[in-house]
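Residue 625, in UniProt numbering, is where the sequence shown stops; the numbers in between run on with no holes.
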Amino acid sequence: MSSNWGTELWDQFDNLEKHTSWGIDFLERYTKFVKERADIELSYAKQIRSLSKKYHPKRSREDESRYTWCLAFAATLRQLNEVAVQREELADNLNTQIVCELTRYTQELKTERKTHFQDGRRAQQHIESSWKQLESSKRRFERDCKEAERAQHVSDRIDLDNKTDGEKRCSLKARQTAQQKQQAAEESRKDYVTSLNQFNQDQHQHYHTLVPVIYQRIQDMEERRIERICDAMRLSAEAERKVLPVVSRCLDAMMDAAESIQPRMDTRQVVEVYKSGFDPPGDVEFEDYSATMRRSISESSYLDNRTEGRRHSRKLWPFIRKNKLLTLLSSPRQPPPPPPTSPLPGGVNNSSQSPPLASREPITQRLNDLMTSGSRTRKQCLRSLKRGGSSPADCSHLPPEQRRKKLQTRINNINQEIQREREQRDALLKMREVYEQSPQMGDAGSLEPRLEEVKQSLQRLEDELRRHQAWLLEADSRLSDHSTRRQSGGCGLNSQATTPGSSSLKQLDNRSPASRESPDGSYTEDHSAELNFKSRSSEFDDEFDDEEPLPSIGTCKSLYPFQGQNEGTLSMVEGELLSVVEEDKGDGWTRVRRNLEEEGYVPTSYIKVFLDSSAKGYVQSSRLV
C-alpha cells in the first residue's frame, strides 16, 4: 500500500491541516510531561537531601561514631544523599536534553508547517482562479452562441417575408447582425478553448506536481516530528538508565552497611565506654549498738545518740534539693559592683558583675554534668564539687578504666603532635642546609628562631608525653592490682564462711587500699585522712537537709538595673519589687526572691530594703548572738 500523501491524500488538505496541528499539540503536551517529571525528580531529590541532612549525626555526638549500628545508619544516609544527587542529575538531563530541545524544535516545526500550508493554499487559490476563468469564458461562449442563433433565425424569417424594398433593407440589416453575432460566438469559442486548455494544464500541474511536492514536505515534517518524539522517549529512558548503576551501587552500599552491624561488638563497646574499673562493693559492716544499752542514760549520751542517728538518716548527695545546692555553689564570692553614677542601664559596668570566665567555667561545667548525667556520674560531680577545684591534670578524678583510656587518648594526640613537629623540624633543617649550600636562595640564619621555637615545642611535648606515660603506668598498675585482688577475693569467698557481724570486728587499718577508694576514682591511702574526709563530708551533707525555704524578712525596691551574669546572682530591672530572704552580712550582697521560684543575690547598694518590724528584732538578736 502506497503511503505517499501527495498521491493518496490529494483531496484531504483540510484533514491534513487538522492532523498536523494535533501532532504539534501532542508534542507540546509531551514536552510539558517531561518538564513536570523533571520537576518531580528535582523536588524528590531535594526532599531526600533534606531528610538525609536532618537525620545525619551531629559532630558533637561521639557515641554515634563508636557503635556499628550508628555507623551503618550514617553510611545509609550518605548513600541516600548520593541517590539524591543522581536524581538531581536525572532532572537536569531531562531539562537540558529533552525539554529545551523539544521546546526549540516545536517552534521550528510550527514555522515550517505554516510555510507548507501557505504554499498549499496558494496553489489551491491558483487552481480555483483558473476554474473561475474557465467558467466565465464558458458562460460567455454559451451566451454568444445563443444570441447568434437567435439573430440567424430572425434573418431567415425576414428573408422569407422579403417583398418590398423596405423589407429587403431590413433583411440585409438582420443578416449583418447575425454575421456579427456569429463572429462574436466564434471569438467566445476561441476564448473558451483557450481557458479550457489553460485550466487543464493548471489542474494537471496542481494535482501531479504542486500538491504531491507540498504534501510530501508535510509528510516529511510529520515523520520528523514523530522521530523526535521517539528520540525524546529514548533519551528519557537512557537518562534514567544512566543513573541506575550508581543508584544500584548505593543500594548495595546500604546492604553492606546493614550487614556490617555487629551486635556483639556494640555490646563490648558499651563495656569499653562505661567500664569504671572499680571492685564490686563488699559486705556491709555490722554496727554494734548494744554498747549504748550498758551505758547510763544521760543527757549527753541521749544527745550523742540523737546526733548519731540523725547523721545516719541524712539524705545522699544525689537526692538533695536542687535550689539549695545551686544556692551554695552559686553564691557570689567577689565584691559587688559599685552603684552606677547614672540610673540609666548603660551606666552599669557589666564587666565588674561577673568573674573571669576561667573561674566560672568549672562550676558551670560540673553543674551541667550534674543535671544531664546519670546517678553514678551525678555522685562523682557532687563529690568533686565538695572538694572544690577543677579536674586534675592526671585524670585521677575519673574511674580507673576511664582514666586509663583518657590518658591513652592524650598520649596518642601528643605523639601525633610530636610527629608533626619533627616533620617541621626536618623540613627546616633541610631548608637551612639548602640555604647554606646556595646562599642566593635565602638566609640560613633567618631559620634559627623558628628552629629554636620548634625545639622548645618538641621539648615541651616530650616532657608532657613522659608525664602522661608515667600516669598511664600508674593507672595500669592499679588496674592490675584491682584485678589481682578481685580474683583472690573471689577464690576466698567460697572457702571462708562469714557471719553478719564478722566484718565489723575487723580493724580499719587492715582494710585494703581498694576498699578505701571512692566511686569517683579518687583514692585515700591514709586512714586518718579517710576519717577526716568522712567527717567533713557528713558535716557537709548535714547542711543540705530537706527543709522549707527561708521565710521573707522584708521587701526591697531596685534603684538601678542589674544584669546577674555571675552564677547565684539574680537579674532585676529598675523599680522592681522583690522579697528579702537574707540581709547583707557584710559582703555587699543581699539575698532576694522573686515569685517564690527565682532566688539569688543582688548588690546591696542597688536596692532599698524595707525590713518587717518582727524581722528587725530577729535580725538584731541573731547579730547579738
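Here a beta-carbon is modelled for each residue, glycine too, at the ideal position from N, C-alpha and C.
Best match in T569, L577, G575 for proximity to V602 [C-alpha to C-alpha]:
Within the sequence shown, numbered from 1, the residue matching residue 602 stands at position 602. The shortest Cα separation from V602 among T569, L577, G575 belongs to T569.
Please classify D288: is it buried, with 16 or more other beta-carbons within 10 angstroms of its beta-carbon, or exposed? For the purposes of this step, residue 288 is identified with residue 288 of the sequence shown, where counting begins at 1. Exposed, by the Cβ-count rule.
| message | Does G586 come out as helix, strand or coil in the three-state DSSP assignment? | response | Residue mapping note: residue 586 aligns to position 586 of the sequence shown, counting from 1. Three-state result, G586: coil.
* **Cross-strand partners of K608 (DSSP beta bridge)** => Sequence index remark: in the sequence shown, residue 608 carries index 608 (1-based). Looking at the DSSP assignment, K608 forms a beta bridge with K557.
*asked:* So, with DSSP's three-state summary, where would you put F33?
replied: Here residue 33 refers to the residue found at position 33 when the sequence shown is read from its first residue. F33: helix per DSSP, three-state reduction.
Report task. Say whether the stretch 96-112 touches the stretch 235-244, bearing in mind that this needs 3 or more beta-carbon pairs closer than 8 Å, one atom from each stretch. Result -> yes
task: Inspect the beta-carbon positions of E41 and A91 and report whether they are closer than 8 Å.
output: For this step, residue 41 is matched to residue 41 along the sequence shown. For this step, residue 91 is matched to residue 91 along the sequence shown. Cβ atoms of E41 and A91: closer than 8 Å.
Quiz item: Between the Cα of Q424 and the Cα atoms of R404, D443, K455, V247, which residue gives the shortest distance?
Solution: Counting from one through the sequence shown, the residue named residue 424 turns up at place 424. Answer by Cα proximity: K455.
Do Y105 and R228 have their C-beta atoms closer together than 8 Å?
Start at 1 with the first residue of the sequence shown, and residue 105 comes out as number 105. Start at 1 with the first residue of the sequence shown, and residue 228 comes out as number 228. Yes, the Cβ-Cβ distance between Y105 and R228 is below 8 Å.
Worksheet entry | N4 vs Q216 beta-carbon contact at 8 Å | In the sequence shown, residue 4 corresponds to position 4, counting from 1. In the sequence shown, residue 216 corresponds to position 216, counting from 1. Remark: C-beta atoms of N4 and Q216 approach each other more closely than 8 Å.
When you compare the stretch 206-220 with the stretch 5-17, are there three or more beta-carbon pairs, one atom per stretch, that lie closer than 8 Å? yes
Between which two residues does the beta strand (DSSP E) harbouring P245 extend? In the sequence shown, counting from the first residue as 1, residue 245 sits at position 245. That residue, P245, is in no beta strand (DSSP E); its alpha helix (DSSP H) goes 211-259.
Between C145 and the rest of its own chain, which residues show a CB-CB distance below 8 Å, the 5 nearest in sequence each way excluded? For the purposes of this step, residue 145 is taken as the residue at position 145 of the sequence shown. Result list for C145: A185, S188, R189, in chain order.
_Excluding the 5 residues flanking Q203 on each side, which residues of the same chain have their C-beta closer than 7 Å to its C-beta?_
Indexing the sequence shown from 1 puts residue 203 at position 203. The residues are I127.
| field | Environment of M255 [buried if 16+ CB atoms lie within 10 Å] | value | The residue you call residue 255 lines up with position 255 of the sequence shown. Burial call: exposed.
Margin query: In whole angstroms, give me the CA-to-CA distance for L458 and E474.
Written below: Walking along the sequence shown from the start, residue 458 turns up at place 458. Walking along the sequence shown from the start, residue 474 turns up at place 474. Their Cα atoms are separated by approximately 24 Å.
Exercise for review: Report the three-state DSSP secondary structure of E287 (helix, strand or coil).
Suggested key: Within the sequence shown, residue 287 is the residue found at index 287, counting from 1. Correct three-state label for E287: coil.
Under DSSP, the alpha helix (DSSP H) around V602 begins and ends at which residues?
Residue mapping note: residue 602 aligns to position 602 of the sequence shown, counting from 1. No alpha helix (DSSP H) holds V602; the beta strand (DSSP E) holding it covers 598-603.
ask   = Of all the options Q152, I24, A74, L102, which has the alpha carbon lying nearest to the alpha carbon of V34?
value = By one-based count along the sequence shown, residue 34 stands at place 34. Put simply, of Q152, I24, A74, L102 the residue whose alpha carbon is nearest the alpha carbon of V34 is L102.
Status (buried if at least 16 other CB within 10 Å, exposed otherwise) for R143: The residue given as residue 143 occupies position 143 in the sequence shown. Under this definition R143 is an exposed residue.
_Just to confirm the assignment, what range does the alpha helix (DSSP H) spanning D156 have?_
Numbered from 1 along the sequence shown, position 156 holds the residue referred to as residue 156. According to the DSSP assignment, D156 belongs to the alpha helix (DSSP H) that extends over 100-160.
Problem - Beta-carbon spacing of I553, D476 below 8 Å - result: Locating residue 553 in the sequence shown gives position 553, counting from the first residue. Locating residue 476 in the sequence shown gives position 476, counting from the first residue. For I553 and D476, no; Cβs fall outside 8 Å.
* To do: May I ask you to report which of helix, strand or coil DSSP gives L570?
  => Taking the sequence shown and counting its residues from 1, one reaches residue 570 at position 570. In this structure, L570 counts as coil in the three-state DSSP scheme.
Handout entry: Rounded separation between P245 and E88 - CA only
Key = Locating residue 245 in the sequence shown gives position 245, counting from the first residue. Locating residue 88 in the sequence shown gives position 88, counting from the first residue. Near 15 Å, if we compare the C-alpha coordinates of E88 and P245.
**Request:** Whole angstroms is fine: what's the gap from I607's alpha carbon to L559's?
**Result:** Residue mapping note: residue 607 aligns to position 607 of the sequence shown, counting from 1. Residue mapping note: residue 559 aligns to position 559 of the sequence shown, counting from 1. Taking the straight line from one Cα to the other gives about 5 Å.
- prompt: How far does the alpha helix (DSSP H) with W5 in it reach, from first residue to last?
  reply: Here residue 5 refers to the residue found at position 5 of the sequence shown. Residues 5-8.
Could you check if A427 is buried or exposed, using at least 16 other CB atoms within 10 Å of its CB as the buried criterion?
As a working note, residue 427 is residue 427 in the sequence shown. By the neighbour-count rule (16 or more Cβ atoms within 10 Å), A427 is not buried but exposed.
- Would DSSP call R593 helix, strand or coil? Locating residue 593 in the sequence shown gives position 593, where the first residue counts as 1. In this structure, R593 counts as strand in the three-state DSSP scheme.
- request: Determine the burial state of S195: buried for a count of at least 16 other Cβ atoms within 10 Å of its Cβ, exposed for fewer.
  value: Residue mapping note: residue 195 aligns to position 195 of the sequence shown, counting from 1. Burial call: buried.
Whose CA, out of D443, L9, I418, lies closest to the CA of R466? In the sequence shown, the residue the question calls residue 466 occupies position 466. It is I418 whose Cα lies nearest to the Cα of R466.
Closest to S605 by C-alpha separation, out of E598, N412, R593, G586, would be which residue? As a working note, residue 605 is residue 605 in the sequence shown. Answer by Cα proximity: G586.
- request: On the DSSP bridge assignment, give the partners of S579 in chain order.
  value: Taking the first residue of the sequence shown as position 1, residue 579 is located at position 579. Answer by DSSP bridge pairing, in chain order: T555, R593.
Q180: which of S155, L160, F199, N200 sits nearest, CA to CA? Residue 180 sits at position 180 when you count from the first residue of the sequence shown. Looking at the Cα atoms, S155 is the closest of the given residues.
Quiz item: Would the stretch 205-212 and the stretch 67-81 be scored as touching if the rule is three or more Cβ pairs under 8 Å?
Solution: no
For this session: Find out if the Cβ-Cβ distance for the pair L407, L451 is shorter than 8 Å.
Result: Taking the first residue of the sequence shown as 1, we reach residue 407 at position 407. Taking the first residue of the sequence shown as 1, we reach residue 451 at position 451. The answer is no: Cβ separation not under 8 Å.
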